[in-house]
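Chemist: In our numbering, the protein residues as written are 4 to 161. Questions regarding the structure given below will be posed in turn.
Right under this line is the structure:
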């Protein structure tokens, strides 16, 4: 994990100037295209996106020291603020619960995410209202898009 941070120790990384830290973390944690999550149980998400892998690696390897926790929270902010996430509406609850970990003193996901696309399947229209109400929890979106993926007509007639 330390090779990702381009430092022999977490403390050495913390001593780098802010601009150098941000350059390294941005390279690790920002994915150029949308991060598509159609099932949080899927191994594909972890394997498909280097940014997700890097975030999980940091989460799993950084300890409880103040410096390590500060680094982890900085990484978490970058990950959620700078990426665009695409997920199906029925996964919105899990996304907002922060599938990347349990945090005691951390900003909620809905305050960090700026770019999100929620895909609603027309055949799940009975759930749509509740799912879309959850989308209102995002408090800082630069881009919030809802896509209705339909097969046939939206009135259920075919």
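All C-beta atoms, glycine included, are put in the ideal place defined by N, C-alpha and C.
1) Per DSSP, residue 118 is paired with what?
2) What residues are listed by DSSP as bridge partners for residue 112?
3) Are residue 152 and residue 123 close, meaning C-beta to C-beta below 9 Å?
4) On the CB-based measure, 16 or more other CB atoms within 10 Å of its CB, does residue 68 come out buried or exposed?
5) Quick check on the DSSP output: the alpha helix (DSSP H) that includes residue 95 runs from which residue to which?
6) Go ahead and pull the three-state DSSP assignment for residue 81.
7) Just how far apart, CA to CA, sit residue 20 and residue 95?
8) Looking only at its chain, what residues have a beta carbon closer than 7 Å to the beta carbon of residue 75, apart from the 5 residues adjacent to it on each side?
9) From residue 81 to residue 150, what distance separates their C-alpha atoms?
10) When the Cα atoms are used, what is the spatial distance from residue 23 to residue 132?
11) Consult DSSP for residue 126 and reduce its assignment to one of helix, strand or coil.
12) Excluding the 5 residues flanking residue 10 on each side, which residues of the same chain have their C-beta closer than 6 Å to its C-beta?
13) In whole angstroms, give me the CA-to-CA distance for residue 56 and residue 126.
14) Put residue 152 into one of helix, strand or coil per three-state DSSP.
15) Compute the beta-carbon to beta-carbon distance between residue 144 and residue 116, rounded to the nearest angstrom, for a pair I have assumed lies under 8 Å.
Modeler: On the basis of the data shown:
1) The partner list for residue 118 (beta bridge, DSSP) reads 87 and 146.
2) Residue pairing from DSSP leaves residue 112 without any beta-bridge partner.
3) Against a cut-off of 9 Å, the Cβ pair of residue 123 and residue 152 comes out as a contact.
4) By the C-beta density criterion, residue 68 is exposed, having fewer than 16 other C-beta atoms within 10 angstroms.
5) Counting along the chain, the alpha helix (DSSP H) containing residue 95 begins and ends at 95–99.
6) The three-state reading of DSSP puts residue 81 in helix, counting H, G and I together.
7) Cα to Cα, the separation comes out at about 36 Å.
8) Hits under 7 Å: 61, 62 and 65.
9) Each residue's alpha carbon lies about 25 Å from the other.
10) For residue 23 and residue 132, the distance between alpha carbons rounds to 44 Å.
11) In this structure, residue 126 counts as helix in the three-state DSSP scheme.
12) Contacts found: 16.
13) Rounded to the nearest angstrom, the gap between the Cα atoms of residue 56 and residue 126 is 32 Å.
14) Three-state DSSP puts residue 152 in a strand.
15) Correct: roughly 7 Å between the Cβ atoms.
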